[in-house]
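Quick note on numbering: the sequence shown equals residues 31 to 158 in the working numbering.
Note sheet for the following structure.
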Amino acid sequence: MSYFFATTLPGTMESVEEKTRAALKEKGFGVLTEIDIKATLKAKLDKDLPGYKVLGACHPPSAYEAISSEAHIGLMLPCNVVLRDVGEGNIEVSAIDPVASMQAVENNSLGAVAMDVRTRLQDVIQGL
């Protein structure tokens, strides 16, 4: 089982990020965190890396349900969506598969919420 979903789009990091944020919003997600890995590694290590940004996406009703079922599930939240410059004017957008990531948690009540979030994230990626 793969642990992510992905698609590749033509465009700049900025234009693809804008589309991705809009698609996430359409499916009920907000972006809680944003990490510019490229800028961070340049600042901390003086290393160059193609564009690489992590967006921490959250679907509040699902997050509430998951946390209500499993107090420590916050260790696996939010759901990461990665934008990665793969060259030649293309940006890959990938999202974690919450079903795969939550397999390590032995709590059957998380199954339905993980499936719902999986479907939403798959719709985001496929809709781009």
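Where is the CB? At the ideal position from N, CA and C, for every residue including glycine.
How far does the beta strand (DSSP E) with residue i in it reach, from first residue to last?
| i | result |
| --- | --- |
| G86 | 82-88 |
| G41 | Unbroken run through G41: none, as it is neither H nor E. |
| A134 | Run containing A134: none; DSSP gives neither H nor E here. |
When DSSP builds the beta bridges, which residues end up paired with residue i?
| i | result |
| --- | --- |
| T63 | G86 |
| V111 | L85, A125 |
| N138 | Per DSSP, none; premise fails for N138. |
| G58 | Partner(s): none; G58 has no beta bridge. |
| G104 | Bridge partners of G104: none, in fact. |
| G117 | N120 |
What number of angstroms, rounded off, separates the C-alpha of residue i from the C-alpha of residue j?
| i | j | result |
| --- | --- | --- |
| K77 | K68 | 8 Å |
| L107 | E118 | 32 Å |
| S99 | E136 | 11 Å |
| E64 | A144 | 22 Å |
| P91 | F59 | 10 Å |
| T38 | E95 | 31 Å |
| E47 | L54 | 10 Å |
| P40 | L158 | 11 Å |
Kindly list the residues whose CB is nearer than 6 Å to the CB of residue i, restricted to its own chain and excluding five residues on each side of it in sequence; keep chain order.
| i | result |
| --- | --- |
| R114 | Y82, E122 |
| V111 | L85, A87, A125 |
Cutting at 7 Å between CB atoms, please list the residues of its own chain near residue i, excluding the five before and the five after it.
| i | result |
| --- | --- |
| H89 | G58, F59, V147, R150 |
| I97 | I103, G104 |
| R51 | V61 |
I'd like the list of long-range same chain contacts for residue i, defined as Cβ closer than 8 Å, with 5 residues on each side in sequence excluded.
| i | result |
| --- | --- |
| K49 | L39, G41, L158 |
How close, in whole Å, do the beta carbons of residue i and residue j come, if the pair is a contact with beta carbons under 8 Å?
| i | j | result |
| --- | --- | --- |
| F35 | Q152 | 5 Å |
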